[in-house]
Amino acid sequence: MGAVAGQGTTYNLPNYHGELFTVTPTETPFLSAIGGLNGAKPCRSTTFEWQTVDRRSSSANNAALEGAAAPTGAERSRSNVTNVCEIHHSAIEVSYTKIAANGNFGGANIAPLDDDVVLDELAVQTMAELESIAVDVEKSFLTGTLQVPTDNTTARHTQGIIGAAGTVSANGGTPRALSKALVDAHLKAMFTAGAKLNQASTVIIVGADQKTPLSNVYGTATLNAVQRDRTVGGVAIDTLVTDFGTFGVMTDRWMPAGKIAVVDLSVCYQVFLNIPGKGLLFTEELARTGASRKFQLYGEIGLEYGPEQWHGSLTGTSTS
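All letters in the sequence shown, in the order written, are residues 38 to 357 by the numbering used here.
So this is what it looks like as structure tokens:
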């Protein structure tokens with residue numbers, strides 16, 4: 038197994054018999070929970086934006102005198118938040134011979150059998166590349182760093198959720214062992230900063246290194262026991278009872294070590310630049326210059342994450 042650069046032929050893409058198993062992980066829980074590559078917001082610019090507005094401070098007994106004249110008018114201005122669509126562009130190319138010779142086998146068996154599953158090489162390679170694109174997008178949506186170039190010598194990079202939530206990060210510098218007190222302090226900081234902490238849509242996203250420690254620190258009491266009884270966007274997740282609410286726990290293998298994200302999924306959307314006549318994410322056959330067929334896969338996608346105060350990034354936790 039391995040990458041094939043350039044054109045696929047009967048020599049570098051041999052066929053075998055039996056069921057085909059994909060051994061590389063392709064799951065994208067964060068992307069799937071907000072709609073996957075199919076459901077998205079279209080846009081007509083490489084940069085897109087959304088708005089936020091706050092409210093004035095409130096106080097007890099903020100009362101007026103009887104019969105007083107109307108006070109000076111007071112309004113609230115709005116702010117905008119921006120992100121960009123990054124380009125995902127790849128291609129597949131298969132020779133005419135490879136497309137036709139689906140009964141040509143590179144293993145010990147030399148005749149077609151009833152268990153042949155790869156009869157359309159183009160379809161198989163297209164699906165493989167789409168799965169890889171989905172993982173690329175998942176990683177960008179988690180850990181991407183915003184890059185808005187001023188010319189075409191640098192690619193656009195979309196801002197991921199971890200960086201977007203940096204204003205309420207509870208990173209203390211030195212790696213710390215995960216504890217209930219640490220998680221509770223982080224949730225408290227988010228709440229103080231204005232996070233809604235909506236129990237129906239807020240999830241705690243962890244990687245493999247933090248999943249077991251998180252379960253252990255909250256699993257000591259029956260009240261806090263972790264249970265698998267929820268789905269978000271078709272993704273099965275655990276639930277965790279904290280002092281600030283009951284939240285889903287989403288295990289994501291693409292989360293970086295030593296980091297935990299608290300994300301309100303209700304304000305997260307994938308945004309695609311709508312290419313006229315093509316769509317959002319599409320395959321397109323290119324001009325034929327020889328005895329092969331070549332297709333490009335293309336899409337421009339970015340993450341809309343709503344108010345950054347509604348998310349949190351707990352970084353600097355130890356991985357052991």
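Where a beta carbon is used, it is the ideal one built from N, C-alpha and C, also for glycine.
Put simply, the backbone Cα of S329 is about 27 angstroms away from that of D173. With distances taken between CA atoms, R93 lies nearest to E112 out of A298, N141, E112, L102.
Of all alpha-carbon atoms in P51, G343, A298, P79, the one lying nearest the alpha-carbon of I312 is that of P79. Residue pairing by DSSP places M287 opposite I242 in a beta bridge. Its Cα nearest to that of I274, the residue V243 stands out among G295, D153, V243. Between the segment 48–59 and the segment 290–306 there are fewer than three inter-stretch CB-CB distances shorter than 8 angstroms, so the stretches are not counted as touching.
A distance below 6 angstroms between beta-carbons, with the five flanking residues on each side excluded, links A214 to the following residues of its chain, in chain order: S355. Counting along the chain, E322 sits inside the beta strand (DSSP E) bounded by residues 318–322. Across the set K315, T352, Y53, the C-alpha of Y53 shows the shortest separation from the C-alpha of G143. In this structure, T191 keeps its C-beta atom at 8 angstroms or more from the C-beta atom of G181.
Residue pairing by DSSP places R115 opposite V90 in a beta bridge. The three-state reading of DSSP puts N120 in strand, counting E and B together. Rounded to the nearest angstrom, the Cβ distance from G295 to T352 is 6 angstroms, consistent with a contact under 8 angstroms. The C-beta distance from L323 to Q333 rounds to 6 angstroms, short enough to fall under 8 angstroms. When secondary structure is reduced to three states using DSSP, S350 falls in the strand class.
The way I'd put it, the segment 116–134 does touch the segment 336–344; three or more beta-carbon pairs between them come closer than 8 angstroms. Linking F309 to F319 through their CA atoms gives a straight-line distance of about 11 angstroms. Non-local beta-carbon contacts of T134 in its own chain, meaning distances under 8 angstroms to residues more than five positions away in sequence, involve T46, T47, A328 in chain order. DSSP, read as helix, strand or coil, puts P79 in strand. Sixteen is the threshold: when 16 or more other Cβ atoms of the shown chains lie within 10 Å of the Cβ of A77, as they do, the residue is buried. When secondary structure is reduced to three states using DSSP, I170 falls in the helix class.
At the C-beta level, T63 and E168 come within 8 angstroms of one another. The C-alpha of N189 is placed about 27 angstroms away from the C-alpha of E130.
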